[in-house]
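Okay, so here's the structure we're looking at.
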Amino acid sequence: MKLLTGQKQLLTLLGAGIVSYSAIPVAMADSKKPIYDDEEKNEETVVVVQPEETQLINTEYVGNTPIKSSKFLEENIEVARKWVYEQSQTVQAKVDDSFQTYLQAERSVTSTVSNLKDENEDILPGGIYILIGALSGSIFARRRGFVLRTVTPVIFGLGAFSYFLPKTFNNTRALVWSFEQKSPAIADTHIQIQNQVESLAESAKSAAEQSQSSLESGVHSVRQFVAESTGLQIGSSSSSNNKK
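Numbering-wise, the sequence shown is residues -29 to -1, 1 to 215 according to mature numbering (1 follows the signal peptide of the UniProt record, and there is no 0).
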């Protein structure tokens, strides 16, 4: 009986120890719980709110209406607006320079053309005569080669230009010469062509003078031969007929 009583006491002690050991974690867990529920809520609220977002987003009021804007977006828009403004100013400056260059060129051409014409020469009848001269050269060389058909109207037109509008022709030639001086090769070629043309003109003039003198001497010889052969004075008879 005593043995059974001791076993019961031992089992009772073991059960009480097990129950007390299992109750320790529950007590420790309960000790970790917050005293106030509001503290847990406040901690969660602090974690959710990010201070960076509050700095990037600005709120402005227009009247009673709140308007939210991003500082980053405002800075980039300002940079883009400055860049567009600078580019527009650059383009406007280039357009203004081009327009000024065009105006200067127009004034130069207008003054040059006005200086070519002489005040004492009329362009309308003179221009018509020059056109008729060029057409005459084209008709004259219509059955010739391609080069001659191309050059002859130009020569006839320049000849008519120099004859009917001599002062304007000289002004035009001086202007062309001033342009040719900017290119030495063209100026040298012009000088050579001018010398050749002048030499040909002198040769033609001398040949015409020689032909005229030869014709006059031939006519004089014929008159003298007729006078000696027949005794008839051709010159005196013609002069007497003119007097009658």
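We put the beta carbon where it would ideally sit given N, CA and C, even for glycine. All values derive from a computational prediction rather than experimental measurement.
Asked                                                                                               : Found
Per-residue burial, GLY104 [other beta carbons within 10 Å of its own, 16 or more giving buried]    : buried
Given LEU87 as reference, the closest of GLN183, TYR134, ALA145, SER192 once Cα atoms are compared  : ALA145
Helix, strand or coil at SER154 [DSSP, three-state]                                                 : coil
Rounded C-alpha distance that separates ALA112 from ALA131                                          : 17 Å
Cβ-heavy atom distance, THR201 to the ligand PLP, below 7 Å                                         : For the structure depicted, the ligand PLP is absent and the ligand set is empty, with no information on it obtainable.
Rounded C-alpha distance that separates GLU24 from ALA51                                            : Annotation note: pLDDT 45 at GLU24 (below 50); position unreliable, no value reported.
SER149 to VAL122 span [Cα, whole Å]                                                                 : 23 Å
Candidates ASP159, ARG114, GLY98, of which the one nearest SER133 by Cα                             : GLY98
CB contact check: VAL190 to chain C, cutoff 8 Å                                                     : Annotation note: the requested chain C is absent from the structure, which comprises a single protein chain.
Under the three-state DSSP convention, the category LYS39 falls into                                : strand
Extent of the continuous alpha helix (DSSP H) run through ALA105                                    : 94 to 111
Opening and closing residue of the alpha helix (DSSP H) in which LEU136 lies                        : Run containing LEU136: none; DSSP gives neither H nor E here.
Close Cβ partners of SER109 (< 6 Å) along its chain, the five nearest in sequence each way excluded : PRO124
Reduced DSSP category for ASN91 - H, G, I as helix; E, B as strand; rest coil                       : coil
Short Cβ contact (8 Å threshold) for ALA158 with GLN165                                             : no
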